[in-house]
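Quick note: the sequence shown uses my numbering, first residue 1137, plus one each step.
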Amino acid sequence: MDLGKIGDKIRENKDAVAAKVEEAADKLIDSKLDGEKAQKAKDAIHSGLSKGVEELDKRLGGDKAGE
């Protein structure tokens, strides 16, 4: 598989992967923290994942599906 195809596969699956990571992180956070601390931890995870997806888009040259 060439690098272009790998990039396409990453683009196709990045949102699904981010959603699974968020889901797993939320479950872990809920099992360890309560209330405001849990929400702050979830917000930090979600923010970090969003930044990671944005950086991935930049490095891959944007979302080709939307071009």
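Idealized CB from N, CA, C, for every residue including glycine.
C-beta contact flag for residue i and residue j at 8 Å
i: L1185; j: I1146; result: no
i: K1176; j: D1162; result: no
Distance between residue j and residue i (C-alpha atoms, nearest Å)
i: G1140; j: A1174; result: 39 Å
i: S1183; j: V1157; result: 12 Å
i: A1194; j: K1187; result: For the sequence presented, residue 1194 should be read as Lys rather than Ala. One C-alpha to the other measures close to 11 Å.
i: V1189; j: E1148; result: 12 Å
i: I1181; j: I1142; result: 26 Å
Below-8 Å beta-carbon distance, residue i vs any chain C residue
i: G1184; result: Looking at the structure shown, chain C is missing, and only one protein chain is on hand.
Inset, instruction - Please confirm if the segment 1161-1168 is in contact with the segment 1138-1152, defined as three or more CB-CB distances below 8 Å between the two stretches. - result: Contact between the segment 1161-1168 and the segment 1138-1152 is absent, because fewer than three Cβ pairs lie under 8 Å.
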